[in-house]
Each structure stands twice: as C-alpha cells, then as structure tokens.
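Residue numbers (the working numbering), protein chains in the order written: chain A, 1 to 237; chain B, 238 to 474; chain C, 475 to 557; chain D, 558 to 763; chain E, 764 to 969; chain F, 970 to 1219.
C-beta atoms are modelled at their ideal positions from N, C-alpha and C, and glycine is treated no differently.
Just so it is clear, the structure is predicted and the values come from calculations on it, not from any experiment.
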Amino acid sequence: MRASLMPLHDHKGGLMIAVKATLMRDLTLMLRRRGEMLNPLVFFALVITLFPIAISPDPELLAVIAPGLLWVAALLAALLSLDSLFRSDYDDGSLEQLLLAPQPLAALGLAKVAVHWLLTGLPLALMAPLLGIMLALPAGSYAVLALSLALGTASLSLIGAIGAALTVGLARGGVLLSLLVLPLYIPVLIFGAGAVQAAIMGDGVSAHLAILGALLAASLMLAPWAIAASLRISING
Amino acid sequence: MRASLMPLHDHKGGLMIAVKATLMRDLTLMLRRRGEMLNPLVFFALVITLFPIAISPDPELLAVIAPGLLWVAALLAALLSLDSLFRSDYDDGSLEQLLLAPQPLAALGLAKVAVHWLLTGLPLALMAPLLGIMLALPAGSYAVLALSLALGTASLSLIGAIGAALTVGLARGGVLLSLLVLPLYIPVLIFGAGAVQAAIMGDGVSAHLAILGALLAASLMLAPWAIAASLRISING
Amino acid sequence: MAFSSFAEFLAMGGHAPYVWSAWGVTALLILATVWHARVEQRQLLNGLKRRARREHARSTGGAQAPLNAARFTSVEGETRNDA
Amino acid sequence: MSLCLQARQLACERDDRWLFEGLDLDIRSGEIVRIEGPNGSGKTTLLKILSGQHSDYQGELFWNGVAMSDTREHFLANLLYLGHAPGIKSGLSPLENLAWYQALSGESGNEAQRLEALESVGLAGFEDVPSGQLSAGQQRRVALARLRLTPRALWVLDEPFTAIDRDGVAALERQLVAHAQAGGCVLVTTHHELTASSLLRRIALG
Amino acid sequence: MSLCLQARQLACERDDRWLFEGLDLDIRSGEIVRIEGPNGSGKTTLLKILSGQHSDYQGELFWNGVAMSDTREHFLANLLYLGHAPGIKSGLSPLENLAWYQALSGESGNEAQRLEALESVGLAGFEDVPSGQLSAGQQRRVALARLRLTPRALWVLDEPFTAIDRDGVAALERQLVAHAQAGGCVLVTTHHELTASSLLRRIALG
Amino acid sequence: MWAFINKLRSPKWFYAISAKLQPFFWVAAAALILAGTVWGLAFAPADYQQGNSFRIIYVHVPAAFLAQSIFVSMAISGLVYMVWKIKVADMAATVMAPLGAAMTFVALFSGAVWGVPTWGTWWMWDARLTAMLILLFLYLGVIALRGAFTSRDSASRAASVLAMVGVINIPIIKYSVDWWYTLHQPATFTVTGRAAMPMEMWVPLLIMVLGFYSFFIALTLMRTRSEILRREGTKRWVQDLVTGQPEEKR
Ligand code: HEM
Ligand SMILES: Nc1ncnc2c1ncn2[C@@H]1O[C@H](COP(=O)(O)OP(=O)(O)OP(=O)(O)O)[C@@H](O)[C@H]1O
Ligand SMILES: Nc1ncnc2c1ncn2[C@@H]1O[C@H](COP(=O)(O)OP(=O)(O)OP(=O)(O)O)[C@@H](O)[C@H]1O
Ligand SMILES: [Mg+2]
Ligand SMILES: [Mg+2]
C-alpha cells in the first residue's frame, strides 16, 4: 500500500466557465482568420450576382423573384459554412477531447453553434438589404427581409449543426451534409421567403415571423441534444 | 570504396502508365464511395426544388427563369464538389508523393480533373433535362441545355481546379474557394445560360456553343500549368 | 465659374446629395489610405528602433545570445576528404 | 480514496477477427500499465473502449466498482486521455490551447500555471506562436503540458512518445513514474521500451 | 555510377529565427545519414528542402554536381521520400495503393511483386482490406513496402519508425543498412537510437 | 538590362531610389488633384442634360480607370516576381491590392450614386457595372488568398498566380458581359483621341485622371517601403538604417 493516494475529483460543475471558454475560443479562431469570416458574405453576394447574369437583367422580373433568390442564396451561404463547424475539431483530435470533458456536451455544442450564427447568420441578415437594392427589391420590405433572415438563420444554424455533427467523421461530408440538411430547411425557407413576399404585398407579416420564432424555439430545445448524440456517434466510428 | 554501386535511373517516361493509373485510382475511389458520387446530383436537384418553393410555383414565371436557375444550380453543384478534388490527397500525404513523382505534374493534375468532370459535370448535364421538365422549361431547348452544360462544366472543372489547388493547404478552404473561382466562372455562365435562352427564343445557338468550346480549349491549354504551379505552392506552405 | 453664389455651389442644382456623397466618399477613402500609410510607416520604424535598442542592450550586457544566432552545430563522422 | 478501473470478459471483433476475447483487467492506483502488442493487435481499440469512446464491444466495464454507464460523469472528471491526434488547434497559441482545456474541466486557472506547464515541456519562448507553426514534436509537447496542468488521477495515453526527442522521452517517463508514485494511475501504449520499474505492469495483446 | 547530393551554405529562417545557417552537406552512395536534433530544430524542414518540396531557403543544392534546378527530373527519378504522413489512401486496399505508386514511377509492375512487398512488411492477409481499417502502424507499413517495391538509390525518410513495433523497427534497420551496403544512400531523421554501424553518419541540428 | 534586373532584386536599392522619387509624385498628385477638383467642381460648365450631377464624373472615371490599371499592374508584378524572383515586385503587389479594391469601391459607389438622378435607380445589371462588381470580387479574392497562408513565400506565389489568372480573365469577362447586355456610357477617351465632350469638361477630367495615377504611384512607393521594413527588418542594412549608423565602407 502506498502512502499518498491521489484524490479523486467529483464532477463539480464549472459549466459556465467551460461554455464561456468555448465561445471565446471559437470566436478567436474565426476572427483570427480575418478573411475567412467574410467568406459566407462574399459567397452570398456572388451567388446573388450570378442570378441576374444567368436569368435576365430586367429589374421588373428581378423584383418578382428577389425575395426567393435572396433567401435561397442566404440559406446556401449558411449551409456551406456549416461543414467546417466541427470538422477541424475532428481532424485535430480536439473533438475527442470535447466529448471526454466532464461537461454536458449539449451545452458545449450549443456554444459552438451560437458562434457560428453570430459570425455568419447575423452578418448575412444585415447584408441582405444591400443585395436587395441590387435585385430591385420593392421598398418597404427591407426590414422584414433582415429580420426574417436573422430569425431564420438561427434555426438554420441549429438544424444544420445536427447534420454537420453526423457527417463530421466522413470524408467528403460536404455534399452529403447538404443532402441531409436541405429537406429540413424547407419549412424555414417557406416562412422566411413568405414573410418578405407578404411585406411586398402589404399583407401582415406578423404571422410569418411568429412561425419563424416558433421554429427557432423548437430547434433551440431539441437540436442541442441531437447534436450531442450525433457527435458521440461520429467519434465512435 | 564499396564494390557494388546502385545504378541510377534516368527519367525514362512511362507517363501514359502514370496517367492511366491516376485516372483509375481516382475513379475507383469515387465509385467505391457510391453514395458520394451522387451527392452533386442530389444537391443539384435539391437546389432546383428550393426555388419554386421560395419564389412561386407559377409555371409561366418558372419557364422564364428556368435556364438561368438550372445553370446556376449546376454551377454551384460543380463548385462544391471541387473542394475535395485535392484535399484528401493533401491530408493523407499522397499529394506530396504526386509532386515528387518523376512525371509532369500538369498531366497528372489533368487526369484528376478529367475524373472530376466525368463523375460530376457529365452526370449533371445528363440530369439537367429532367429537372428542366420540373421547371416547365419550354420544349426544344433540352438538348441544348445538356450540351451546353457538358461543354461548360468541363471548363468549370478546369478553372475550379486552379482554385482548389491554391486553397488545398488552407483550413476552411471551402468558402474561400468559391470566392476565388466564382468570378472566373461568369463568362461560362453567360454563354451557357445564353445558349439555352437562344434555343428557347428559336435563335441560333451555334455562336454560343462555339464560344463555350473556345473557352474550353483555352482552359485546357492554360489551366494544367496553373494547377501544377498552384499545387507546388500549396505543398510548400 | 459655373455658379453665381456659394449657396448655389453647395446646392449643385438640386443634385447636392449625389455629388457631395460621391465626392465625399472618394475624398474620405483617399485621405484614409494616406493616413494609414503614414501610421504604418511610423509604427514599423518605431518597432525596429525599439528592437535595435533591445538587441544593443543585450549584446553589451553580453548575457544571452541573440535569438537569431546560428544554431547548426556539427557534421560528425566526416571520413572522406572530398577535394 | 483509491481508484480502480475494471474490465470483465471484454471482447472486441473487427472484420470477423477477434482482437481480444475474455479480457479481464484490474487497474488500480499506483500502477503504470503498459499495453503491448505488435501493430494491429488492438491497443488503440482497447484504450478507446476503456476511455468510453468506443461502444462496439462485448463485456462489462466498472469504475470504482460501479458499472461504467452509471458513473460516466465521475469517470470523465478523473480521466485524461491523449490519443494519436494531439488535439491542438493550429490557429491558437499553445497558451490559448491550454486555457481552453483548463476551462473544459471547469476551472478557469491562471496564466502563471499555464506558462509554467509550457516551460516544463520545454516550450518556453513558444507560448504565443500559432501552434500550427510548431514542429510535430512541439505540438505533441503542448498536449503533454496538460498532464501537468489539469490534475487527473487516471491517465490514458496512446503512443505519447511519438515524435518526442530523447530528452523529452526521459522526462516524460519520469513524470509517469512520479504520477504513479503519487497514487495516480497510467495506462499507456508505446513501442518504446520503458525503463523497468516496480510500478510497471504489462498487458500483452495479439 | 555513384550518387552525390550536396548542399552549400544552406540556411533557412522561420519566424525570424534561423533554423540552420551555413550548412554544407555531402551525401554519397553507401551512407546512412541521420539528422539529429531536439523537437523543433528543423529536421523535417531540412528534409523537405533537400527533397525539393520547400523553396523558401537560401543556399545551393547540387545533384551529382549539377545545380538541382537543372536536374530535377533525374533527381526525382532516383528519390524515394516518406514524410510524416504515410500517403496511403484509406479508401484503397494496400495492394491498390502500391499499384498506384508503382505506376507513378512509370512502371506497371505486377501483382506478385506487390504481394511479396506486402508480405515482407508483415501485412500478409491484409492485402485487400481498405487501408483505412488498418491500425496506425499497419498503415505506415504499407508505405514502407514501397522501399522494397520501387528501387531508388536515395531514400529520404522522416521518422520512419513512428508507430512501428519492436520487430518492425529491427527489420527496418536491417533494411536501411542493406540498402547502404548495396550502394544506395539513406537520409533519415528519427528519435530512435540507431544501432551503430560504420556506414552511419550523424548531422546535428539545434 | 540584366544589370537593371539585378539592381531591382535588391530591396536596399529600391528603398534608396524610391526615397528620391516619392516626393515628386506626392507633389504631382496633390497639385493635379487639387486643380482638377477646383476646376471640375466649380468652373466646368454643367451638362446640358444631366446638370450638375455630371460633376461626379471627375471622381468616377479616374477611379474606374485606376481600378482596372491596378489589377493589371498587380498581375505584371506577380509575373515579375514568379519569373525573376524579384521580391520588391511582390511587395508592390501586396500593397497595391487594397488600393485597387478601394478604387473599385469608389467607382461602384460614385456610379451607383450617379445612377439615381440619371437612370432613376441605384443599380442595374449593365455590362460595365457587372464587370466592375466582378473586379471587386477578384480583388477581394487576391487579398483573402494572401491572408490565408501562413508562409509568406507561399502567400506571395499564390497571390501572383491568382492575379495572373484573373488578368487573363478580365478581357474575357468584359467581352462576355458586353455581349450579354449593355447600357452604360460609351468611352470618353478613344484611341483616335477625339473627345466626346466639350474641352472645358474634358481637360479637368484629364487632369484628375493624371492626378489619380500620380497618387497611385506615390502611395505604392511609400507603402512598398514600409513593406520592405516589415519583411527585411532582421537584415543588417535595415538595422543600420534605423539606428542611423553609417554604412560599412568597402
Ligand atoms: C454602379 C454604377 C457604375 C459603375 C460600376 C460604372 C463603371 C464604370 C467604369 C468601369 C468606367 C470605365 C470604363 C473604361 O475603362 O472605359 C466608367 C466610365 C464612365 N461612366 Fe460609369 N459606372 C457606373 C455608373 C455610371 C453612371 C450612372 C453614369 C452616368 C450616367 C456613368 C458614366 C460614366 C462615364 C461618362 C464614363 C466615362 C466613359 C469612358 O471614358 O469610358 N457611369 N464607369
Ligand atoms: N509552417 C510553418 N510556419 C512557420 N514556422 C514553422 C512551420 N513549420 C515549422 N516551423 C518552425 O520551424 C521549426 C522547425 O520545424 P521542423 O518541423 O523542421 O522541426 P523538427 O526538427 O522536424 O521537429 P520534430 O522533431 O518535432 O519533428 C519549428 O520550431 C517551427 O516553429
Ligand atoms: N475503423 C476500423 N474499422 C474496422 N477495423 C478497424 C478499424 N480500425 C482498426 N481496425 C482493425 O483493428 C485492428 C486493431 O487496430 P488498432 O488501431 O487497435 O491497433 P493497434 O494495436 O493500436 O496498432 P498500432 O500499434 O499500429 O497502433 C487492426 O488490425 C485493424 O484492422
Ligand atoms: Mg494504435
Ligand atoms: Mg519533424
């Protein structure tokens, strides 16, 4: 028998510390690569540029399809930036360590998603009105466009993170991710684009926005658990 | 002095063997992951279904914008699958070995691009008419749609491979890749979508297709060297 | 002179917001680039001077070798004499 | 309080091949247990099962006498696992990497501790360089700094000596022995020969 | 014909720090040259420069007396480089991986050769398993099989012993000595102690 | 010729010579821009159709010219760097990119503002406008790519390759968008040299254009010097220069 025995720790909390550190870490990583933070925005702008070129420069036609185009392009921009959400952590082994931390994985995953939204969804929403001008979006719908995108992209980040967690262990997960996630995005897309169209028609937008809010609330409650479970599965592979 | 000296090889060709083996290797790898080969196709189909949902289900409106939407969606599908063109080789160290092979790198790179086009561009072109039906694309333009996509995606693969080679060493290269490559895609998009629109109008399409061919010829001549130079840079980094 | 008064000059024939915002943004960007270039140059020179002082202090103090000294040490077992 | 990790009738099959079968293990405080075996014999797989990352196995695991599934939280709070990949973010400096790991275990710690840990693994002067610009061995050393920084009783180390230079290997070996002597426990795989010690126990696979 | 790789006044700077400066090297047939040095001293960097992957250096390289830039093709035709990453595609079987490497050097080779090479590294029975399902050491062994399969005079090996078990290390050491005795040349970094041999020469960095 | 190239190879030589050239271009830029501004804003006659909104031309056109020229200069610098390994060329390319992006932005912004009184809209998908927007993206791509590499050598070479690929594409893009849809004003400065507008409007424009070019050269010289300090800070001659020690005699 040895004299000194190492004391065993009880799991003693510190959840807030861990969550805050994870938020800070991801923010630092994203902001440090200055250029890359802008990438989803640039992608958004580029895709919006492609449509008039490919379809027609006619402002009247563009005005009709603008809400849909803007929403689809923002959705794709958010989707594409998702792939890297967990991948670099997986590749360098820190995802393994995240899973072995004595903290609820759902909370840590949520912190990562929050950073993702803050640095992609929110800027996309803020930038959309500018691109709206270029697509000749009728006046009066700009605020609704930004608001619906801000609400909607939060749900998109949450739902998309489930897909990202499921595919993180797979090579070429990128396109598979789209396949898994896009069908789930459709409700958000319908009510998001619907809100902007309603604003253009002059109809009330509160119903649409309320549904977007409800979708967000639901994803906030369910997605973290799904993300945690999916990460466990991916590490197991 | 030692008795036996190992003979030194002269560089003695075998380029065809190396190119053929690289073609076979990439084909095997892609086909073995059966699901993933389908991913660009599924992405294409999903994006095309998003538009009617987000814009309007009205067939007349859809018919007007169909050529543009189809081309943009195909372009995005081809773009997204590019990211993995060199990345997995980079990650597992076989890109290093490709560069150290006593063979012209441009030829080996071209072989990889050829496989990429064969398994994404070509299937996209073949599938596009089917989606054209869903978007109420006017009859008479289906063959031109497929042909323009087949020609155009070849240029897209070549140009995109330059971007993929430049970004392969970078974390989160994915979205940066889009930024680099999409501006260069615009000429192809204009003439590709233009060809389909001309076919719908009943105008001659040969001018458009000839330009697409010329673009392809130019990329075939220049891109391999740019790809080789870019790969050398990425390995250096 | 195309304008008869200063007020008229400012009004730009009703196009004031357009003309002045276009000129304003241009002027702002040009001045900002010049300012940035000057600040950049000054900071770099100051940084280099500070470093030179530090190196100087260190070399006269003689305590540590500079960080960028040659580190390569030896090639051992050189048996042949290659002429 | 002494720790004890037990496995009963552990078995794992990969591609119709049993890597191990009917494996009974008792790992207690004060031991260094080295899992041995040729390449492909299942050492990594065993470590992943024991640290709760792999669930595709047969048999039972117990932590201090309690079935693992019931005491996972407590087990994790006392586990430090270092796998083949070092888990170091290349965009963050060594200091920032360590800060995150400390926070993950629920402590905010302080910078002095982290600086000291980095110095102890020979990275003084590299604290603020992006980790991606460190050499292979230096990156692993950042990960090894966690052994000093976050005190945990059970260390599970998969090939910790990879890419570490001679002096580093000797220092790490001393650290393992010291940990076991202090009442901790080390589970390690390595192809390096470890210096014989009364604390060292071997488990051979394959 | 004897081979000779020379470096003159080689210097490499990383982050304002000179990894090495004024390095003169002469590497000839029949030698095993081991680059030594602690972690981060620049061994990997030196090997990458010597094998022509890194161009961010000062000084001159010569291959058989000709400036490297003028004889790159000939140099590459006689070089076998194995880096930190094994270069094995996880989706392909060991056999398919080797076939590609053989073709890259311009030979089509035949299956019997490849099977024999795999057997020589102890992978008999694993020829058709996807390489991704092999253990860390087994994957490296697939890469090492190339030493036998494609005869090249100059071997440049960065930590070839990583993840290889004891018997494997001994066998690989014998192989290196045999290669040098046959008039080839080996340039190697490793933190393993190599058995002393009259062919062995050391270069210390850092 | 070779002697000149070898001289260019030395940042030290460039640092010395640019110190002499710099003041000249700064003075030229300040004088020309000031003269052009006063003349263009206050003395040039108003356009008979567009009225005074036409005065935007004096910033719009120089910025648009500069935006395109800078990209070409950047590609040429990239080529020089890749072929002759002249580091100064790459340093110049590095500092040109942000200025080029800024000028592209100025052209876009002033054009968009000008569009409201003349075309009744901020933006339309016209060939020249679209090509300019794409040019902005090309600039952003070069800047982002350079920033994404940790190794300076790789960053330089990657940015050079992209600039060269981009510059080949600029005429193709221009040609294709022209083919596609065009509405913008035709060229003011034609090869024949005959101006499409009255002399009193045209001369200040010419002065402004020359002023902008001088500004570009002056700023590039100045920032290239800073870039030399940044990259060669460990070199002996820089340290001597900074501490004001006299140069070693030989
Ligand atoms: C966002 C909107 C606009 C953009 C991006 C834009 C872009 C350009 C570019 C790139 C040039 C240089 C062409 C060359 O190199 O030859 C140019 C010249 C010019 N622009 Fe604009 N423009 C815009 C709006 C306008 C508007 C609204 C007007 C006036 C109605 C205008 C009038 C001119 C004139 C008169 C020239 C000189 C023509 C020449 O010398 O080539 N532009 N513009
Ligand atoms: N991409 C890079 N960018 C900047 N610096 C780097 C980069 N890679 C390595 N370095 C620096 O170069 C030095 C030498 O690295 P290198 O990988 O050559 O070391 P090594 O001798 O192989 O070490 P080890 O034994 O750990 O493998 C390191 O200290 C590191 O800081
Ligand atoms: N993902 C996987 N899928 C299927 N089989 C696998 C997988 N990973 C490993 N194996 C198989 O399990 C066996 C044991 O692998 P493991 O990684 O545990 O070996 P190891 O003892 O750690 O070897 P090494 O000394 O090389 O690290 C291998 O033979 C391999 O074929
Ligand atoms: Mg293992
Ligand atoms: Mg190394």
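For Leu189 of chain A, the residues of chain B that pass the 8 Å Cβ criterion are Leu287, Ile290, Ala291, in the order they occur in the chain. The C-beta of Gly305 of chain B comes closer than 9 Å to at least one C-beta of chain A. Looking at F:Val1028, F:Ile1139, F:Trp982, the one whose alpha-carbon comes closest to that of Lys1056 of chain F is F:Trp982. When secondary structure is reduced to three states using DSSP, Asp724 of chain D falls in the helix class.
At a cut-off of 9 Å between beta-carbon atoms, Trp1094 of chain F makes contact with chain A. Check the Cα spacing between Ala74 of chain A and each of A:Ala63, A:Pro138, A:Leu149: the tightest is with A:Leu149. At a cut-off of 9 Å, the C-beta of Leu46 of chain A has a neighbouring C-beta in chain F.
Boundaries of the beta strand (DSSP E) around Ile592 of chain D: 588–593.
A Cβ closer than 7 Å to some heavy atom of ligand 5 marks a residue here, and those residues are D:Ser692, D:Ala693, D:Gly694, D:Ala720, E:Lys806, E:Thr807, E:His847, E:Asp921, E:Glu922, E:Thr952. In the three-state reduction of the DSSP assignment, Leu1035 of chain F falls in the helix class. Ala338 of chain B carries a coil assignment under DSSP once its states are collapsed to helix, strand and coil. Per DSSP, the unbroken beta strand (DSSP E) holding Ala568 of chain D starts and ends at 561–571.
The continuous alpha helix (DSSP H) containing Ile370 of chain B extends over residues 359–371. Asp724 of chain D sits close to Gly679 of chain D, with the two beta carbons spaced by under 9 Å. For Ser394 of chain B, the CB contacts under 6 Å within the same chain, skipping 5 residues up- and downstream, are Val350, His353, Trp354, Gly358 in chain order. In the DSSP annotation of this structure, the continuous segment of the alpha helix (DSSP H) that includes Trp1149 of chain F starts and ends at 1121–1149.
At a beta-carbon threshold of 7 Å, the residues of chain F lying near Asp779 of chain E are Thr1203, ordered along the chain. The DSSP-derived three-state label of Glu297 of chain B is helix. Taken through DSSP and simplified to helix, strand or coil, Ala624 of chain D comes out as strand.
Judged by the Cβ position, Val892 of chain E qualifies as a neighbour of ligand 3 at the 8 Å threshold, a heavy atom of the ligand being closer than this. Annotation: the stretch 832–891 of chain E contains the following complete segments of the alpha helix (DSSP H) (minimum length 4 residues), in chain order: 835–839, 857–867, 874–883. Ala165 of chain A and Leu177 of chain A have their C-alpha atoms spaced approximately 9 Å apart. Among the bridge pairs identified by DSSP, Phe577 of chain D is matched with D:Cys569.
Secondary structure of Gly616 of chain D (DSSP, three-state): strand.
Separation of the CB atoms of Phe288 of chain B and Leu306 of chain B is rounded to 5 Å, and the pair is thereby assigned contact status at 8 Å.
At the C-beta level, Gly406 of chain B and Ala848 of chain E stay beyond 9 Å of one another.
Closer than 8 Å to some heavy atom of ligand 3: that does not describe the Cβ of Ser234 of chain A. Listed along chain B are Gly406, Ile470, Ser471, Asn473, Gly474, each with a C-beta nearer than 8 Å to that of Ser1123 of chain F. The beta carbon of Pro129 of chain A sits closer than 7 Å to those of Tyr142, Leu145, Ala146, all from its chain and outside the five residues before and after it, given in chain order. Interface annotation for the stretch 510–525 of chain C against chain F: Ala511, Glu514, Gln515, Leu518, Leu519, Leu522, Lys523, criterion Cβ-Cβ distance under 7 Å.
Counting the other Cβ atoms within 10 Å of the Cβ of Tyr1017 of chain F gives fewer than 16, which makes it exposed. Between ligand 2 and the CB of Asn667 of chain D, the shortest heavy atom gap is not smaller than 8 Å. Beta-bridge partners of Trp918 of chain E (DSSP): E:Leu843, E:Val949. Ala291 of chain B and Ala314 of chain B have their C-alpha atoms spaced approximately 19 Å apart. Distance from Ala656 of chain D to Gly616 of chain D at the Cβ level is roughly 38 Å; contact not present, criterion being Cβ atoms closer than 8 Å. When the five nearest sequence neighbours on each side are left out, the beta carbons in the same chain lying within less than 8 Å of the beta carbon of Ala1117 of chain F are those of Ala1124, in order along the chain.
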